[in-house]
Amino acid sequence: MSFDKLIEKIIEKKNPTVVGLDPKLEYVPDFIKRRYLDEDGWTLKAAARAIYEFNQAIIDEIHDIVPAIKPQAAYYEMYGHYGIRTLEKTIRYAKLNGMFVMTDGKRNDIGATMEAYSNAHLGVTRVAENDIEAFGADALTVNGYLGTDGIEPLLKVCRARDKGIFVLVKTSNPSSGELQDMKLADGRTIYEAMGDMCEKWGEDTRGKFGYSAVGAVVGATYPEMLSELRARLPHTMFLVPGYGAQGGGAEGLKGGFDENGLGAIVNSSRAVMCAYKKEECDERDFAKAARREVIRMRDDITQYINLK
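Residue 296 in this note's numbering sits at position 238 of the sequence shown, with consecutive numbering throughout.
See the structure below:
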């Protein structure tokens, strides 16, 4: 009921990064798309099948280097029930290859509805006498702005099934400060208050590395705030988006890690999926290009941290 499993994989691979598998159809090489479009026509089914082959090939090339993937649910939902099936299959394929899976869904609700989200993504669904995993991810991103009512149903699953959540705290987008940087009556910013709540929510789920099952999303695009929050939230694991494509640099990330080089995992999505386009290599070499990019990313980040 903490992020121990994820941290162990980070230590094993000496790599605090996660690949966001957020595939648009245009990211998929033409030779893959043609195979399914010729068979199924210009349909959602063809698109979802092509994306799954694309995901499989990337996972095959990176699973020995990268500890985790982070599929963004919206990129699968846009292809209807075929896309949802591809999300499920992608999660299972990554886990079969030993990867930690965090679904980026940013779910937010209360009561029975939040329990349904929790069961769908992290827990099990009861069908008669059977408890069945619908998606089976290890962690889920969530929006905490409904307060404890929206988080407690998730914590029940985290405690029971050794799962984790990442709560939006200080996001990487340019307009995040319109709300998150506002000051409360006690002098704290909204993002500081949300971070403090993460510490409180996770206090009874801390693992052997000191981190709880309640993590925080903290953007790479705000390095000073990343450092401030690391000091403020000593038991909160950080998921750090915004590296690379959004402008977050590797050196600025170091403040998000603790003295052992732990406590954060950095995401890259488009730079990995589209590495073959940046390299201008043969499209059939797309998975090898993704492998080269994750090695480059790992080496870029780890030069600044003391990952033991």
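Each residue gets a CB set at the ideal place from its N, CA and C atoms; glycine is no exception.
Spatial neighbours of residue i in its chain, beta-carbon cut-off 7 Å, leaving aside the 5 residues before and after
| i | result |
| --- | --- |
| residue 202 | 208, 209, 225, 226, 252, 255 |
| residue 156 | 121 |
| residue 266 | 62 |
| residue 142 | 134, 135 |
| residue 110 | 144, 147, 148 |
| residue 168 | 204, 207, 208 |
| residue 310 | 278, 281 |
| residue 228 | 234, 238, 249, 276, 277, 280, 283, 287 |
| residue 299 | 230, 275, 277, 278, 325 |
| residue 190 | 182, 183 |
| residue 54 | Outside the modelled stretch of the chain, which goes from 59 to 366, sits residue 54, for which no answer is possible. |
With 16 other Cβ atoms within 10 Å as the buried cut-off, status of residue i
| i | result |
| --- | --- |
| residue 121 | buried |
| residue 206 | exposed |
| residue 233 | exposed |
| residue 331 | buried |
| residue 370 | Nothing about residue 370 can be read from this structure; the chain reaches only from 59 to 366. |
| residue 320 | buried |
| residue 171 | exposed |
| residue 361 | exposed |
| residue 222 | buried |
| residue 243 | exposed |
| residue 276 | buried |
| residue 236 | exposed |
| residue 154 | exposed |
| residue 245 | exposed |
| residue 72 | exposed |
| residue 188 | exposed |
| residue 240 | exposed |
| residue 128 | buried |
| residue 200 | buried |
| residue 185 | exposed |
Close Cβ partners of residue i (< 8 Å) along its chain, the five nearest in sequence each way excluded
| i | result |
| --- | --- |
| residue 82 | 133 |
| residue 263 | 59, 60, 213, 216, 217, 270, 271, 272 |
| residue 293 | 257, 260, 261, 264, 268, 269, 270 |
| residue 349 | 119, 120, 123 |
| residue 98 | 104, 107 |
| residue 291 | 253, 254, 256, 257, 274 |
| residue 353 | 123 |
Cβ shell of residue i (< 6 Å), same chain only, five flanking positions each side left out
| i | result |
| --- | --- |
| residue 130 | 80, 162 |
| residue 68 | 74, 125 |
| residue 108 | 86, 90, 91, 94 |
| residue 64 | 158 |
| residue 364 | 319 |
| residue 301 | 278, 324, 326 |
| residue 333 | 347, 348, 351 |
| residue 116 | 345, 348 |
Bridge partner(s) assigned by DSSP for residue i
| i | result |
| --- | --- |
| residue 326 | 77 |
| residue 130 | 162 |
| residue 298 | 324 |
| residue 64 | In the DSSP output, where bridge partners are listed per residue, residue 64 has none listed. |
| residue 189 | 184 |
Residue i Cβ short of 8 Å to the ligand GTP heavy atom set
| i | result |
| --- | --- |
| residue 102 | Although the ligand GTP was asked about, the structure shown includes no ligands whatsoever. |
Below-9 Å beta-carbon distance, residue i vs any chain C residue
| i | result |
| --- | --- |
| residue 334 | Absent from the structure: chain C. Only one protein chain is present. |
Problem - Complete runs of the alpha helix (DSSP H) confined to the stretch 158 to 187 [at least 4 residues] - result: 169 to 179
Handout entry: Minimum length 3: unbroken beta strand (DSSP E) runs contained in the stretch 252 to 277
Key = 272 to 276
Handout entry: the stretch 147 to 156 / the stretch 188 to 195 touching (three or more Cβ pairs under 8 Å)
Key = yes
Practice task
Taking 8 Å as the threshold, find out whether the stretch 135 to 149 comes into contact with the stretch 168 to 177 through three or more Cβ pairs.
Solution key: no
Problem - Touching by the beta-carbon criterion (3+ pairs, under 8 Å), the stretch 328 to 347 and the stretch 278 to 290 - result: no
Problem - 3 or more residues per run - each beta strand (DSSP E) lying fully within the stretch 85 to 148 - result: none
Exercise for the section: Any chance you could list the beta strand (DSSP E) runs of at least 3 consecutive residues sitting entirely within the stretch 196 to 252, in chain order? Expected result: 197 to 200, 222 to 228
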